[in-house]
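Asker: Structure below; questions to follow.
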Amino acid sequence: MTLSQSEFNFISTMVRREASIVLAPGKEYLVEARLIPVARTVGAANVNEFIAELQKRPNPQHQRKIIDALTTNETSFFRDREPFSALTDVVLPELIKSRASVRKIRVWSAASSSGQEAVSLAITLQEALPPGWSYEIMGTDISTAMVERATKGEYSQVEVNRGLAATQLVQYFERAGAHWRVIPSLRKNVTFKHMSLTAPFPPMQPFDVIFLRNVLIYFDVATKRQVLQNAAKILRPDGLLFLGAAETTIGIDDNYERVAAGRTSAYRTRNAVPAGAARRG
Amino acid sequence: MTPMRAMVIDDSRAMRMILKRIVTKLNFEAVEAGDGQEAMDRLAELTEVPELALIDWNMPNMNGLEFVTKVRADPRLREMTLVMVTTESEQSQIVRALAAGAHEYVIKPFTEGAMIEKLALLGLVPTGANS
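Here the protein sequences line up with chains A and B, keeping their order. Following the working numbering, the numbering of the first sequence begins with 1 at its first residue and continues without gaps. Following the working numbering, the numbering of the second sequence begins with 1001 at its first residue and continues without gaps.
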């Protein structure tokens, strides 16, 4: 059983309308593979029947489940590592100087999925900030199921094997049956909220660092620009934006400039005061 | 350039095969041992000490923890990076292994990607070697 062209078109139009996500032709197999478990949970015999029912009677709850299924991505602790090393080695030492009067750092993990990035940021800040400093990590995701999962702060054995050093595992996690749970003293600094990046942003306090990685790739250029413009409004003037390795603001939003941050790159808004980053020529 | 060597120590032949396949893919030359004692005997014979050892915990003759303790007590083997690869998943066991001198800990079952990420963490393979 495979998706027909019209079924694929129906799903791709719907996710583009609801979540601004572009499903290019050729993704039929991916869409079908992701929708099989959704069809099963709503009691449909198969994906075709599930889509046919949705075409007859639109169901916002089922639409939400489809978007969740298509936007949930595999992640791991300290994914790609370099941005975290850049925080420790370059960005945080500068922020510690420039935020000495407030002694507080705020970081946004956008599209936080099951929360590994936000927890990795919390570990990074926990280890880098001097005593007496505090930090807040906010994770947001379009999937309510992922927000619930991340809020629980529990990870499987397989998940904690990926990216965490053994010393970090024993220091920042505790056993919870067959799972590992983030310890309360770390978890209290991390909150997760539901948020669509493509809707107008809710009011948020500004952030010193924004991690918006591996999510722009799903959007068309106009949506990328809109997300970047909205992010600029909540990024402190000397704050830094980290994108995924395959993503850039160049040619999309000229309000940002790329700067070197350790062995990787980050972005800051133009005319900003440098904080832990050197202009890349 | 001489390839790095990895010693794969596990009483399960199937697990040795899996680990050997992973390290070979990462350009290590693999040396096998079925338990800690056999591994110590092999190390005594080898002129060049392997850079890495992947060590099961529960094995006959000499278990993985005893092996780690013995290696750490031997100045000739000081440079070896020791990674426990075991089903022992209690927090207290991980702490024991690290205290004895293991550098890293991988809990079975693991994926190839997870193992490569651990070796990258230790600086033994480049970051992103599994991408």
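We put the CB at the ideal spot given by N, CA and C, even for glycine. Remember, predicted model here, so these are calculated numbers, not experimental data.
Please confirm if A:A261 has its CB atom under 8 Å from at least one CB of chain B.
Answerer: Chain B contact via Cβ: absent.
Asker: Any idea what DSSP makes of A:G139, helix, strand or coil?
Answerer: DSSP places A:G139 in strand when its eight states are reduced to three.
Asker: What in chain B is Cβ-close to A:L169, meaning under 7 Å?
Answerer: Correct list: I1094.
Asker: In whole angstroms, what separates the C-alpha of A:R236 from that of A:R106?
Answerer: Straight-line Cα distance between these residues: approximately 10 Å.
Asker: Of all Cβ atoms in chain E, is any one closer than 8 Å to the Cβ of B:F1028?
Answerer: Considering every chain present, this structure includes no chain E. Its protein chains are A and B.
Asker: Classify A:G251 as buried or exposed, calling it buried when 16 or more other Cβ atoms lie within 10 Å of its own Cβ.
Answerer: Flag for A:G251 reads exposed.
Asker: Mind checking whether A:G153 and A:G115 have CB atoms under 8 Å apart?
Answerer: A contact, by the Cβ cut-off of 8 Å.
Asker: May I ask which residues mark the beginning and end of the beta strand (DSSP E) holding B:M1007?
Answerer: Note, B:M1007: beta strand (DSSP E), R1005 to I1009.
Asker: Can a CB atom of chain B be found closer than 8 Å to the CB of A:V158?
Answerer: Yes - at least one Cβ of chain B is within 8 Å of the one on A:V158.
Asker: Relative to the C-alpha of B:F1028, which residue among B:R1005, B:E1045, B:D1035 and B:I1116 is closest?
Answerer: Comparing Cα positions, the closest option is B:R1005.
Asker: Residues in the same chain with beta-carbon distance under 6 Å from A:Y267, minus the five sequence neighbours each way, listed in chain order, please.
Answerer: Cβ within range, chain order: L241, T249, Y256 and R258.
Asker: Starting from A:P206 and walking both ways along the beta strand (DSSP E), at which residues does that stretch end?
Answerer: It is not in any beta strand (DSSP E) - A:P206 carries neither H nor E in the DSSP assignment.
Asker: At the level of alpha carbons, what is the spacing between A:G281 and B:I1018?
Answerer: Bear in mind that the predicted position of A:G281 carries a pLDDT of just 43, short of 50, making it unreliable; the figure below should be weighed with that in mind. Answer to the nearest angstrom: the Cα atoms are 46 Å apart.
Asker: How many whole angstroms separate the CB atoms of A:F84 and A:S120, which I take to be in contact at a CB cut-off of 8 Å?
Answerer: Contact flag correct, Cβ pair sits at about 6 Å.
Asker: For B:V1083, which residues in the same chain have their Cβ closer than 8 Å to its Cβ, ignoring the five residues on either side in sequence?
Answerer: Answer for B:V1083: L1052, A1053, L1054, I1055, A1102, H1103, E1104, Y1105, V1106, K1118, L1119 and L1122, listed in chain order.
Asker: Beta-carbon within less than 7 Å of A:N9's beta-carbon, same chain only, minus the 5 sequence neighbours each way: which residues are those?
Answerer: Hits under 7 Å: none found.
Asker: Is the region 68–77 of chain A touching the region 193–212 of chain A, taking contact as three or more C-beta pairs under 8 Å?
Answerer: At 8 Å Cβ cutoff, the stretches do not touch.
Asker: Compare the C-beta of A:R34 with all C-beta atoms of chain B and state if any pair is closer than 8 Å.
Answerer: No, no contact with chain B.
Asker: Looking at A:Y218: is its Cβ nearer than 8 Å to the Cβ of A:I36?
Answerer: Result no, Cβ atoms of A:Y218 and A:I36 do not sit closer than 8 Å.
Asker: What first and last residue would you give for the beta strand (DSSP E) that runs through A:F237?
Answerer: Sequence check: residue 237 of chain A is Pro here, not Phe. Note, A:P237: beta strand (DSSP E), L235 to L243.
Asker: A:A166 versus chain B: which residues are under 7 Å apart at the beta carbon?
Answerer: I1094, L1098, E1104 and Y1105, listed in chain order.
Asker: Thinking A:I51 and A:E18 are a contact (beta carbons under 8 Å), I'd like their distance in whole angstroms, please.
Answerer: Between A:E18 and A:I51 the Cβ distance is about 15 Å, and since that is not below 8 Å, they are no contact.
Asker: Less than 8 Å separating the beta-carbons of B:A1100 and B:T1081?
Answerer: Going by C-beta atoms, B:A1100 is not nearer than 8 Å to B:T1081.
Asker: Using 8 Å for Cβ pairs, my map puts B:D1011 next to B:M1059. What's the rounded Cβ distance?
Answerer: With 8 Å as the limit, B:D1011 and B:M1059 qualify as a contact, their Cβ atoms being about 4 Å apart.
Asker: Would you mind listing the alpha helix (DSSP H) stretches within the region 96–163 of chain A that are 4+ residues and don't spill past its ends, in chain order?
Answerer: The region 96–163 of chain A contains these whole alpha helix (DSSP H) runs: 116–128, 144–152 and 157–161.
Asker: Cα-Cα, which of A:S134, A:N189 and A:A232 is closest to A:I210?
Answerer: Considering only alpha carbons, the answer is A:A232.
Asker: Restricting to Cα atoms, I'd like to know which of A:Q226, A:F207, A:R270 and A:R40 is closest to A:I137.
Answerer: Considering only alpha carbons, the answer is A:F207.
Asker: Chain A beta carbons: is any one of them nearer than 8 Å to that of B:P1126?
Answerer: Answer no: the Cβ-Cβ gap between B:P1126 and chain A never drops below 8 Å.
Asker: Using a Cβ-Cβ distance cut-off of 8 Å, determine whether B:T1111 contacts chain A.
Answerer: It does; some Cβ of chain A falls within 8 Å.
Asker: Taking 7 Å as the limit between beta carbons, can you name the residues of its chain near A:I12, skipping five residues before and five after?
Answerer: The amino acid occupying residue 12 of chain A in the given sequence is Ser; Ile does not appear at that position. Cβ neighbours of A:S12 beyond the five flanking positions: L23.
Asker: Using the Cα positions of A:R279 and A:L3, report the straight-line distance between them to the nearest angstrom.
Answerer: Low local confidence applies: a pLDDT of 49 at A:R279 is under 50, so the model's placement there is unreliable, with the coordinate-based value given in what follows. Near 48 Å, if we compare the C-alpha coordinates of A:L3 and A:R279.
Asker: What did DSSP end up calling A:R268 once you bin it into helix, strand or coil?
Answerer: In this structure, A:R268 counts as strand in the three-state DSSP scheme.
Asker: Would you verify that the beta carbon of B:R1012 is, or is not, closer than 8 Å to some beta carbon of chain A?
Answerer: First, the amino acid is wrong: residue 1012 of chain B is Ser here, not Arg. With 8 Å as the cut-off, B:S1012 does not count as an interface residue toward chain A.
Asker: For A:P58, count neighbouring Cβ atoms within 10 angstroms of its own Cβ and tell me buried if that reaches 16, exposed if not.
Answerer: A:P58 is exposed by the Cβ-count criterion.
Asker: The alpha helix (DSSP H) that contains B:K957, what's its start and end?
Answerer: The requested residue 957 of chain B does not occur in the structure, where chain B is confined to residues 1001 to 1131.
Asker: Is DSSP giving B:K1070 helix, strand or coil here?
Answerer: Three-state DSSP puts B:K1070 in a helix.
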